[in-house]
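Peer 1:
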Amino acid sequence: MKQIRAVMVGQPNVGKSSIINAISGARLHVGNFAGVTVEKKEVTLQRGENDIDIVDLPGIYSLKAYTPEEHVAKRYLIEGQYDVIINVVDANILQRNLILTLQLLDMRRPMVLVVNMVDELEEKGGKIDADMLSTLLGIPVILTSAKEKRGVDEVVEKLIEVYKQKECACKLFYNEKIEDEIEKLSHILLKSPHFNDPNLARFYVIRLLENDEEIYKIVHDLPIFLELHEALGESIKRLKLEFDADSVSDIFADERNAIARSIVMQVMIQPQKETLTDKIDKILIHPILGLPIFLFFMWALFQITFEVGSIPMDYIDETVSNFASWLRTILPAGDLNSVITDGVIPAVGAILMFLPNILILFLGINLLEQTGYMARAAFLLDGFMKKFGLQGKAFIPLVSGFGCTVPAYMAARTLKNPKDRLITMLILGFMNCSARLPVYVLFIAAFFPTTSAGNVLFTIYVGGAILGLIVAKILRAILFKGEPEPFVMEMPPYRFPSIKVLAMELWIKAKLFIKKAGTFIAGAAMIIWFLSSYPVNEELQAQYQQKIEQASSKTQKVALMNEFAAKNLEHSYLGQIGKVIEPIFAPIGFDWRLSVATLSGLAAKEVVVSTLATLYAVGEANEKSDTLINKLRENIDFKTAIALIIIIMIYSPCVAAMSTFYAEVPQWAWRAFYTIYPNVLAWLAAFGVYHLLELLGY
Amino acid sequence: MKVTQMKIGQSGIIKKITAPEPIKSRLFAMGVAKNNRLTLLDHTIKKQTWEIEVEGTRIALRKEEAEGIEVEP
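Now the structure itself:
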């Protein structure tokens with residue numbers, strides 16, 4: 001048995017995933033690259049006596065890495081353990097794709113070139129001469145169409161062949177003057193005792209000439225660094241002078257572009273027909289019609305997500321609570337029983353209920369991305385979003401935020417620029433999620449006339465969105481001051497998405513989400529449960545048990561049980577914390593009950609309503625409960641109610657959302673900032689409005 | 699002339715690209731390099747976002763980046 005390890009590399013949108021899917025007998029494994037939230041797809045298969053393992057790297061435009069995904073791919077290419085590179089290119093845009101191929105060839109490692117989507121090219125009347133291309137590049141070339149399953153299994157055969165040869169037969173050279181400098185510098189690098197691979201030396205030198213920081217870090221510790229550094233400076237100076245260029249990167253860019261151009265001219269017959277993309281684009285990014293069409297798509301997506309997604313919700317809810325009550329009878333009574341059936345299972349169930357929403361939303365987003373429409377949406381909206389320091393694509397996570405913040409954070413992954421993504425995620429909480437609706441409905445019913453309820457609710461939602469955009473603008477101006485905001489984005493041709501790839505992506509999302517629900521969220525639920533049920537006051541318990549037993553009527557019994565629950569919560573750690581933090585909330589009119597309710601909202605926003613119900617001892621209640629509304633009117637004044645609404649609008653989202661944010665953003669500084677700033681902002685806003693209302697005489 | 703001075707549908711050969719890193723490398727990686735043919739496909743009403751085509755790739759850019767690309771018709 002021989003173990004062959006291969007990596008699959010290519011620019012985005014070249015159909016790498018479809019190729020991986022089309023290889024027969026391959027088994028897919030999904031995980032994350034170590035330490036980052038970048039998905040890692042890996043397939044294993046067997047051919048004859050060979051065990052083959054292919055890692056699919058994230059799409060990468062060039063070895064000058066830019067997005068987090070590209071950094072992961074680049075690091076893997078440089079440091080990873082593998083035997084063969086499979087470079088996938090799109091036949092329709094061969095010239096541009098070949099530039100990455102040329103950068104990869106600098107490594108002089110065994111490599112196979114897969115020219116994908118050749119069916120599309122031929123349909124349009126174009127053609128590629130694979131043998132000629134193979135001769136020019138010095139590596140095997142396979143024409144494939146993942147859609148028609150053409151050539152895919154040949155990739156595996158060639159891979160084994162190349163593996164056996166070990167050496168790369170590629171003999172591409174740059175301009176003589178450049179090669180001279182490479183030669184000189186390689187010579188110095190090879191003087192280093194641990195460095196004896198001339199191919200690797202050549203690659204490092206080329207990267208160093210292009211001012212590649214990551215390679216710089218690697219060679220920095222070599223004993224010959226000083227000599228190399230000096231010689232490098234001189235070489236760069238000579239080359240810049242010779243080519244009259246601003247930087248050596250520019251020289252290499254022009255060189256590679258020229259080589260790619262000449263190769264394409266020799267091997268390719270260009271297609272002639274006007275493409276389907278031209279025709280569709282005339283409508284979809286039409287200066288006037290474009291925006292309404294986009295808004296319609298968005299409206300449809302969210303209708304489907306939250307309407308269709310709500311259908312299985314009840315089933316999931318029912319199944320989970322049935323499971324919990326079944327488990328309650330099985331497990332021995334006691335704390336363990338309680339923590340599992342009252343704490344963990346309902347919390348995890350509440351999260352799993354969002355799974356249908358998330359899957360539908362992601363199916364929609366994947367469809368938009370794979371068909372190529374997402375880039376058009378970004379194109380249409382970028383002008384507007386830019387005013388707030390955001391990017392066109394940020395629209396989608398922001399609108400998703402009105403449904404649920406958890407999938408919205410995950411949807412922010414469509415933003416490839418880390419800064420754009422971070423700013424978007426930092427303001428997502430201001431888009432009011434659907435779980436906050438019960439709280440608003442309760443307070444509006446209690447403190448506003450029915451006629452203006454709709455307007456108030458609308459104001460809350462629009463106010464949140466406007467606040468979010470303003471905060472985005474401020475964050476961009478303060479935290480990322482003066483940094484360039486590059487927006488250079490490929491508009492891929494429209495394509496029919498592959499069902500298989502869609503299904504695979506969905507399966508990956510579901511798996512990762514369930515994993516998260518089972519770990520992060522279950523843990524958080526356990527803590528909240530513990531804080532609200534401990535310490536047990538035995539005296540109180542005995543006292544009420546006696547009272548309840550003695551109670552004559554059923555209503556009396558229920559009233560006593562509610563009273564007991566309220567007292568119990570008051571004495572619990574959560575209640576104690578509420579009393580400790582009461583002084584913080586006192587300036588905005590909150591008593592300890594509202595403080596505890598606000599805290600419990602961190603578990604899930606709906607919980608605010610049920611906590612208030614418990615604390616005001618009205619038992620089971622929802623936002624339409626008259627008793628609760630009356631109790632609120634008796635105990636809270638208007639300005640406090642408004643302050644609470646403002647707090648709910650702005651402060652930290654629920655733990656499920658927060659843990660999603662933590663999982664998506666690895667930097668501790670940002671995590672800390674994200675945990676603190678919305679709460680400070682919420683308090684300040686509530687304080688301002690509370691005192692303004694006081695001045696106005698409310 | 700600059701890309702921002704072109705008319706929709708007009709094309710030309712790229713002569714010079716002025717942009718800070720990492721935008722410049724990104725443009726190169728997308729095929730915006732010297733001597734390639736560029737066609738202006740579209741821009742939004744307010745001319746904030748521009749769509750160009752270079753050697754078969756369609757690219758969206760902002761006004762700031764589009765201004766840095768010079769072509770010869």
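Residue numbers (the numbering used here), protein chains in the order written: chain A, 1 to 698; chain B, 699 to 771. All C-beta atoms, glycine included, are put in the ideal place defined by N, C-alpha and C.
First and last residue of the alpha helix (DSSP H) that includes V399(A)?
Peer 2: Position 399 of the first sequence, counted from the start, is the residue given in the question as residue 399(A). Start and end: 395-400.
Peer 1: Which residues of the segment 738-760 of chain B have a Cβ closer than 7 Å to any Cβ of chain A? Give them in chain order.
Peer 2: Residues passing the 7 Å Cβ filter: D740, T742, I743, K744, Q746, T747, E749, E753, G754, T755, R756, I757, A758, L759, R760.
Peer 1: Given that R759(A) touches chain B, what residues does it touch there, using C-beta distances under 9 Å?
Peer 2: Here chain A has residues from 1 to 698 only, and residue 759(A) is not among them.
Peer 1: Which term fits I650(A), buried or exposed, when burial requires 16 or more other beta carbons within 10 angstroms of its beta carbon?
Peer 2: As a position in the first sequence, residue 650(A) is number 650, starting the count at 1. Classification for I650(A): buried.
Peer 1: Give me the residue from I499(A), T555(A), H220(A) with the minimum Cα distance to Q370(A).
Peer 2: If you number the first sequence from 1, residue 370(A) lands on position 370. Minimum Cα distance to Q370(A) is reached at I499(A).
Peer 1: Report yes if the C-beta distance between A758(B) and A378(A) is below 8 Å; otherwise report no.
Peer 2: Here residue 758(B) is taken as the residue at index 60 of the second sequence, counted from 1. Here residue 378(A) is taken as the residue at index 378 of the first sequence, counted from 1. Result yes, Cβ atoms of A758(B) and A378(A) sit closer than 8 Å.
Peer 1: Across the segment 433-443 of chain A and the segment 604-611 of chain A, are there enough close Cβ pairs to call them in contact, namely three or more that are closer than 8 Å?
Peer 2: A contact exists between the segment 433-443 of chain A and the segment 604-611 of chain A.
Peer 1: Pull the bridge partners of G10(A) from the DSSP assignment, please.
Peer 2: Against the first sequence, residue 10(A) aligns to sequence position 10. DSSP lists V88(A) as partners of G10(A).
Peer 1: May I ask you to report which of helix, strand or coil DSSP gives I263(A)?
Peer 2: Sequence index remark: in the first sequence, residue 263(A) carries index 263 (1-based). Residue state, collapsed to three classes: helix.
Peer 1: Taking the alpha-carbon positions, what's the P666(A) to D420(A) distance?
Peer 2: On the first sequence, position 666 is the one that residue 666(A) refers to. On the first sequence, position 420 is the one that residue 420(A) refers to. One C-alpha to the other measures close to 16 Å.
Peer 1: How far does the beta strand (DSSP E) with H741(B) in it extend, from its first residue to its last?
Peer 2: Here residue 741(B) refers to the residue found at position 43 of the second sequence. That run of the beta strand (DSSP E) goes 735-741.
Peer 1: Could one say the Cβ of K732(B) lies closer than 8 Å to chain A's Cβ atoms, at least one of them?
Peer 2: Start at 1 with the first residue of the second sequence, and residue 732(B) comes out as number 34. K732(B) counts as touching chain A.
Peer 1: Any idea what DSSP makes of A758(B), helix, strand or coil?
Peer 2: Numbered from its first residue, the second sequence carries residue 758(B) at position 60. Correct three-state label for A758(B): strand.
Peer 1: Given a cut-off of 8 Å, decide if L632(A) and L599(A) are closer than it, judged by their beta-carbon atoms.
Peer 2: Reading the first sequence from its first residue, position 599 is the one you call residue 599(A). Reading the first sequence from its first residue, position 632 is the one you call residue 632(A). The answer is no: Cβ separation not under 8 Å.
Peer 1: Along the chain, which unbroken stretches of the beta strand (DSSP E) at least 3 residues long are found entirely within the segment 114-190 of chain A?
Peer 2: Entirely contained in the segment 114-190 of chain A, the beta strand (DSSP E) runs reaching 3 residues are, in chain order, 141-143.
Peer 1: For a contact meaning CB atoms closer than 8 Å, what does M728(B) contact in chain A?
Peer 2: By 1-based counting over the second sequence, the position of residue 728(B) is 30. What M728(B) touches in chain A: Y61, R96, V488, E490.
Peer 1: Check the C-beta distance from A73(A) over to L57(A) and give it rounded, since I have them as a contact under 8 Å.
Peer 2: Translated into the one-based positions of the first sequence, residue 73(A) becomes position 73. Translated into the one-based positions of the first sequence, residue 57(A) becomes position 57. Confirmed, Cβ separation roughly 4 Å.
Peer 1: Just by C-beta distance, which residues in the segment 61-92 of chain A are closer than 7 Å to chain B?
Peer 2: Within the segment 61-92 of chain A, the residues whose Cβ lies closer than 7 Å to some Cβ of chain B are Y61, S62, K64, Y66, N92, listed in chain order.
Peer 1: In terms of DSSP beta bridges, what is Q46(A) paired with?
Peer 2: Within the first sequence, the letter at position 46 stands for residue 46(A). Answer by DSSP bridge pairing, in chain order: D51(A).
Peer 1: To the nearest angstrom, how far is the alpha carbon of K761(B) from that of K387(A)?
Peer 2: In the second sequence, the residue the question calls residue 761(B) occupies position 63. In the first sequence, the residue the question calls residue 387(A) occupies position 387. Taking the straight line joining both Cα atoms gives about 13 Å.
Peer 1: Start and end of the beta strand (DSSP E) containing K713(B)?
Peer 2: Taking the first residue of the second sequence as 1, we reach residue 713(B) at position 15. Where K713(B) is concerned, the enclosing beta strand (DSSP E) stretches over 709-715.
Peer 1: Mind checking the segment 374-386 of chain A against chain B and listing, in chain order, the residues whose C-beta falls within less than 8 Å of any C-beta there?
Peer 2: The residues in question are A375, A378, F379, L380, D382, G383, K386.
Peer 1: Classify L352(A): buried if its beta carbon has 16 or more other beta carbons within 10 angstroms, exposed otherwise.
Peer 2: What you label residue 352(A) is simply residue 352 of the first sequence in a count that begins at 1. Under this definition L352(A) is a buried residue.
Peer 1: Measure the alpha-carbon distance for Q779(A) versus K237(A) and round it to whole angstroms.
Peer 2: Summary: the structure shown does not reach residue 779(A), with chain A confined to residues 1 through 698, and so no result is reported for it.
Peer 1: Using a Cβ-Cβ distance under 8 Å, would N257(A) count as near chain B?
Peer 2: For the purposes of this step, residue 257(A) is identified with residue 257 of the first sequence, where counting begins at 1. Output row for N257(A): interface = yes.
Peer 1: What does the Cβ neighbour count give for H29(A), buried or exposed, with the cut at 16 atoms within 10 Å?
Peer 2: For this step, residue 29(A) is matched to residue 29 along the first sequence. Exposed: under 16 other Cβ atoms inside 10 Å.
Peer 1: Which residues does DSSP pair with R5(A) in a beta bridge?
Peer 2: As a position in the first sequence, residue 5(A) is number 5, starting the count at 1. Answer by DSSP bridge pairing, in chain order: D53(A).
Peer 1: Quick one: residues in its chain with C-beta nearer than 6 Å to the C-beta of I548(A), no 5 flanking neighbours on either side, listed in chain order?
Peer 2: Residue mapping note: residue 548(A) aligns to position 548 of the first sequence, counting from 1. Taken in chain order, the residues that qualify are K557, L560.
Peer 1: Taking S249(A) as the query, report the chain B residues whose CB atoms sit under 9 Å from its CB, ordered along the chain.
Peer 2: As a working mapping, residue 249(A) is identified with position 249 in the first sequence. Chain B residues near S249(A): E719, K722, S723, F726.
Peer 1: Got a sec? Which residues, its chain only, sit under 6 Å from R593(A) by beta carbon, not counting five neighbours each side?
Peer 2: Position 593 of the first sequence, counting from 1, holds the residue named residue 593(A). So the list reads L615, once near-sequence residues are dropped.
Peer 1: Which whole-angstrom value describes the C-beta separation of I269(A) and G126(A), a residue pair presumed to lie in contact below a C-beta threshold of 8 Å?
Peer 2: Within the first sequence, numbered from 1, the residue matching residue 269(A) stands at position 269. Within the first sequence, numbered from 1, the residue matching residue 126(A) stands at position 126. Between G126(A) and I269(A) the Cβ distance is about 6 Å, and since that is below 8 Å, they are a contact.
Peer 1: Using the C-alpha atoms, what's the distance from A375(A) back to I128(A)?
Peer 2: The count along the first sequence starts at 1 and reaches residue 128(A) at position 128. The count along the first sequence starts at 1 and reaches residue 375(A) at position 375. Taking the straight line joining both Cα atoms gives about 28 Å.
Peer 1: Does DSSP classify K41(A) as helix, strand or coil?
Peer 2: On the first sequence, position 41 is the one that residue 41(A) refers to. In the structure shown, K41(A) sits in a strand (DSSP, three-state: E or B).
Peer 1: Return the Cβ separation of A727(B) and K64(A) in integer angstroms, given the expectation that the two are a contact with Cβ distance under 8 Å.
Peer 2: By 1-based counting over the second sequence, the position of residue 727(B) is 29. By 1-based counting over the first sequence, the position of residue 64(A) is 64. Yes, they are in contact, since the Cβ atoms of A727(B) and K64(A) sit about 7 Å apart, within 8 Å.
Peer 1: I99(A) touches chain B at which residues, Cβ-Cβ below 9 Å?
Peer 2: Your numbering for residue 99(A) matches position 99 in the first sequence. The contacting residues are F726, A727, G729, A731.
Peer 1: Exposed or buried, which one is I648(A) when buried takes at least 16 other CB atoms within 10 Å?
Peer 2: Taking the first residue of the first sequence as position 1, residue 648(A) is located at position 648. With 16 or more other Cβ atoms within 10 Å, it is buried.
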